[in-house]
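Undergrad:
Pasting the structure below:
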């Protein structure tokens with residue numbers, strides 16, 4: 018008479034199935050943590066279907082690319098003598114840093130749909146020093162697309178951005194202050210189409226190892242366009 022075999026899982030497969038069960042429990046625990054109390058990072062938002070392609074397949078609108086074009090750079094020494102090559106290289110480097118910071122600022126303040134559609138411009142103001150940020154926030158209407166941009170526009174697209182930089186060197190030839198003069202233009206498309214124009218002067222100073230805007234003067238000269 019043939020011996021009946023026990024249909025239970027073989028000893029070799031038991032560790033594998035136990036490990037698989039542990040992984041499934043761990044994955045469920047991590048998902049619960051992310052959705053209930055594990056911060057509000059991109060993974061959690063994606064699992065909820067917010068701002069990503071994991072949930073409902075609808076991604077947040079992208080920010081149009083923008084970069085200021087430096088048309089002129091002026092070095093202002095405070096000591097006599099010719100500028101050395103290393104001083105010119107250092108000045109060129111900090112000029113590029115200022116241009117990059119201002120490009121990011123205008124992109125956050127005018128072009129990022131997540132910001133202007135919700136009138137949330139906190140990320141833009143990170144360019145300002147602790148002493149200047151309060152004044153910047155008080156002038157949000159001038160420095161950004163404004164609190165009513167979502168009602169007026171469906172898109173904001175960059176048109177042009179030009180920048181002139183003046184760099185004040187200290188007595189050792191190192192950059193001490195940066196003055197950036199900018200002209201920015203963008204086109205708002207929607208129910209109330211308009212050309213957005215911003216002319217500004219930004220004074221940068223190095224604080225805690227980073228260049229920050231310590232003073233500014235910005236004016237706006239927007240013009241309404243006919244809806245097409």
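In this note's numbering, the protein residues as written are 18 to 245. For each residue, glycine too, the CB sits at the ideal point set by N, CA and C. The structure presented is a predicted model; accordingly, all values stated were derived computationally and were not measured.
#1: Let me confirm a value: residue 171 is counted as buried when at least 16 other C-beta atoms fall within 10 Å, else exposed. Which label applies?
#2: For residue 197, which of 209, 137, 231 has the nearest alpha-carbon?
#3: Relative to the C-alpha of residue 107, which candidate in 217, 202, 126, 185 has its C-alpha closest?
#4: Taking only three categories from DSSP, how would you classify residue 246?
#5: Express the C-alpha separation of residue 163 and residue 143 in angstroms, rounding to a whole number.
#6: Check each candidate in 225, 145, 169 and name the one with the smallest Cα separation from residue 204.
#7: Using the Cβ count rule (16 or more neighbours within 10 Å means buried), how would you classify residue 199?
#8: Could you pull the DSSP bridge partners for residue 192 from this structure?
#9: Under 8 Å: do the segment 177 to 193 and the segment 98 to 118 share three or more Cβ pairs, one atom per stretch?
#10: Whose C-beta lies closer than 7 Å to the C-beta of residue 175 among residues of the same chain, with five residues either side of it excluded?
#11: Kindly indicate which three-state DSSP category residue 87 falls into: helix, strand or coil?
#12: CA-CA distance, residue 112 and residue 182?
#13: Mind checking who residue 174 pairs with in its DSSP beta bridge?
#14: Cβ of residue 150 versus every heavy atom of the ligand MG: is any distance shorter than 7 Å?
#15: For residue 197, which beta-bridge partners are listed by DSSP?
#16: Per DSSP, what kind of secondary structure is residue 158 in: helix, strand or coil?
#17: By how many angstroms is the C-alpha of residue 152 removed from the C-alpha of residue 217?
#18: If distances are taken between C-alpha atoms only, which option among 236, 221, 241 comes closest to residue 150?
#19: In its own chain, which residues sit with a C-beta less than 7 Å from the C-beta of residue 239, not counting the 5 before and 5 after it?
#20: How many Å lie between residue 88 and residue 139 at the Cα?
#21: Assign residue 236 to buried or exposed, taking buried as 16 or more other Cβ atoms, counted over all protein chains shown, within 10 Å of its Cβ.
#22: In its own chain, which residues sit with a C-beta less than 8 Å from the C-beta of residue 156, not counting the 5 before and 5 after it?
TA: Taking the coordinates as given:
#1: With a 10 Å radius around the Cβ and a threshold of 16 neighbouring Cβ atoms, residue 171 comes out exposed.
#2: Of 209, 137, 231, the residue nearest in Cα terms is 231.
#3: Cα-wise, what sits closest to residue 107 is 185.
#4: Any property of residue 246 remains undetermined from this structure, which presents the chain solely from 18 to 245.
#5: Answer to the nearest angstrom: the Cα atoms are 17 Å apart.
#6: Nearest option by C-alpha distance: 169.
#7: Counting other Cβ atoms within 10 Å of its Cβ, residue 199 reaches 16 or more and is therefore classed as buried.
#8: DSSP lists 186 as partners of residue 192.
#9: Look at the beta carbons and you see the segment 177 to 193 touching the segment 98 to 118: at least three pairs across the two are nearer than 8 Å.
#10: Same-chain partners within the cutoff: 81, 83, 128, 203.
#11: In this structure, residue 87 counts as strand in the three-state DSSP scheme.
#12: Straight-line Cα distance between these residues: approximately 7 Å.
#13: Bridge partners of residue 174: 204.
#14: The ligand MG is absent from the structure shown, which contains no ligands of any kind.
#15: BP columns for residue 197 point to 182, 219.
#16: If DSSP states are grouped into helix, strand and coil, residue 158 belongs with the helices.
#17: The alpha-carbon atoms of residue 217 and residue 152 are separated by roughly 15 Å.
#18: Measuring from the Cα of residue 150, the nearest candidate turns out to be 221.
#19: Once the five neighbours on either side are set aside, the close Cβ partners of residue 239 are 211, 212, 213, 214.
#20: Those two C-alpha atoms are separated by around 29 Å.
#21: Under this definition residue 236 is an exposed residue.
#22: Excluding its 5 nearest sequence neighbours in each direction, residue 156 has C-beta neighbours in its own chain below 8 Å: 235, listed in chain order.
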